[in-house]
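Participant: Quick note: the sequence shown uses the numbering used here, first residue 925, plus one each step.
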Amino acid sequence: MQGIHLTLAGYSDSFPFDTAKDYQAYIKRLQTLPAVVDQVIEVSRQGAKDGLMPPRYLLERVPEQIDGIVAQRGAQNPFASPLEKLDGVVPADQRDALRKQLLEAIDQQVRPAYAKLSAFVRNEYAPQGRTQEGLWSLPDGEKLYQYLVRTQTTTDLTPEQIHQIGLQEVARIEAEMTVIAKAQGYADLASFRKAVAADKRRFATSSEQLLEQYRHYVAGMQRELPNLFEQVPKKPLEVEPMPAFQGKYPPARYLQSNKPGVLRVNISDVAHRTLINVETIAYHEGVPGHHLQVSLAQTLPLPPFRQQGGYNAYGEGWALYAERLGKDVGLYKDPYSDYGRLSADSTRIHPTTRRACSSKSTATSCGQASRWDTRWGNCNSWRCVQRRRKNSAIVSTCAHSILQCSATATCRLRCCSSACANGSRRSKRIRWQNR
């Protein structure tokens, strides 16, 4: 489960570490972390009093995540990652003192504060978690859900209308999947799904193989960018392993950091990492997805809040369109990768069909009927959906936005990126497709 415990541990990626002053500022932040944890606990207690609680089964997993960070002492702790650059940017006569202060802050402030947070979640907070998963089980949950649909999609569509769109999209996706299945010699989609799930060739054999797959697809799309866009990111996109403290999920993510753009790949439990969705994730998280959109947004002459902020409807809608763009330019040469693209699409669509999948058990059944993995109820993708269904209006964003963006609909947003075709004069070379 994502939360402040993982966010804080990854914050160092957002700060520059080019001078001794940068390290001193970071140490001060670490020294104030106990106060931040106390505030989190105070706000959480107030939320519990107000009946605004996350699902219990999600909260029960949090202490294990926190304990994994607490257990790592000194330089092994995720908060110590800036020390990797220390020798290259700080004068020799200051290094030892800064290293000592940083490690002391981790062991004396950070780790005890995290231990306190873990005990609070385990003993006090998680037991109060709600037993019904849907957002509508909260006080005024239906109104809250409708509000979030509005804010996340930027449209006037009702949840029921989005539900109907989801049903239509499931039918479309399964029809495309069936074409692929029959082209591979299978009688129907169900038998193809079963075969893919059992085929060891469709899973990674090593972390390096997984990383190289991502690098291969990123490089292939990079070569296509000048033919598709008038502007391309000046920042390179690097592929690197995801830090272990972030756990088993998600499979990969784009990191907007003080470094060049980074696509971080989860290499934990590598034998269960499927290869069929690597290509679509590379395009979604990397290029021409989040990396291209975010990098260009940051170069525009806009106020900082517009450079750094964003809308899910646009950001995720763009990234989903980026997945499809790979197919439009002749990539996805492996039919199993194309099937992986559709499978990822299906994973996002199913939480949109909220009335049909309004609980954990029924959503598992829905997923098993549409996913490539027949063990869907226990797989990584389901756990990702479990987390996101806390606020499933956000999950519906991708599904709806791509329908609008692909048809070059006029949206309400004044998007930050010059890569949007909704009115930008610099987007003439984007090949939009009506589907």
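Each residue gets a CB set at the ideal place from its N, CA and C atoms; glycine is no exception. Predicted model, so just to flag it, every value in this text is computed and none were measured.
#1: Give me the Cα-Cα distance between Q1108 and D962, rounded to the nearest whole angstrom.
#2: Leaving aside the five residues before and after A1004 along the sequence, list all residues of the same chain whose C-beta is less than 7 Å from its C-beta, in chain order.
#3: Any idea which residues DSSP pairs G1185 with across the strands?
#4: Hey, P1006 and S936: beta-carbon distance below 7 Å or not?
#5: Could you round the C-beta distance between P1002 and V1045 to whole angstroms and report it? I think they count as a contact, below 8 Å.
#6: On the three-state DSSP scale, how would you describe P979?
#7: Per DSSP, what kind of secondary structure is T1223 in: helix, strand or coil?
#8: Is DSSP giving T931 helix, strand or coil here?
#9: My parser needs the alpha helix (DSSP H) runs of 4 or more residues fully inside the stretch 1042-1105; what are they?
#10: Under DSSP, the alpha helix (DSSP H) around N1151 begins and ends at which residues?
#11: Let me check one thing: in DSSP terms, what residues is T1198 bridge-paired to?
#12: What are the start and end residues of the alpha helix (DSSP H) that includes Q970?
#13: Buried or exposed: where does D974 fall if 16 or more other Cβ atoms within 10 Å of its Cβ makes it buried?
#14: Does the contact criterion of 3 or more C-beta pairs under 8 Å hold for the stretch 1042-1061 versus the stretch 975-995?
#15: Quick one: what's got a C-beta closer than 7 Å to A1246's C-beta in the same chain, skipping five residues either side?
#16: Just mark G1234 as buried or exposed, buried being the case when its beta carbon has 16 or more other beta carbons within 10 Å.
#17: Taking C-beta to C-beta, are V1194 and A1128 nearer than 7 Å?
#18: Tell me the rounded alpha-carbon separation between Q1360 and R1035.
#19: Is the beta carbon of A933 sitting closer than 7 Å to the one on I993?
Facilitator: With the structure as the only source:
#1: 57 Å
#2: G998, L1026, L1027, I1030
#3: L1161
#4: yes
#5: Not a contact, Cβ separation roughly 18 Å.
#6: strand
#7: helix
#8: helix
#9: With a minimum length of 4 residues, the continuous alpha helix (DSSP H) runs that stay inside the stretch 1042-1105 are 1065-1077.
#10: 1131-1152
#11: F1127
#12: Here the alpha helix (DSSP H) through Q970 covers 957-973.
#13: exposed
#14: yes
#15: Y1207, H1208, P1212, G1213
#16: buried
#17: yes
#18: As displayed, the chain neither begins before 925 nor continues past 1359, which places residue 1360 out of reach and without an answer.
#19: yes
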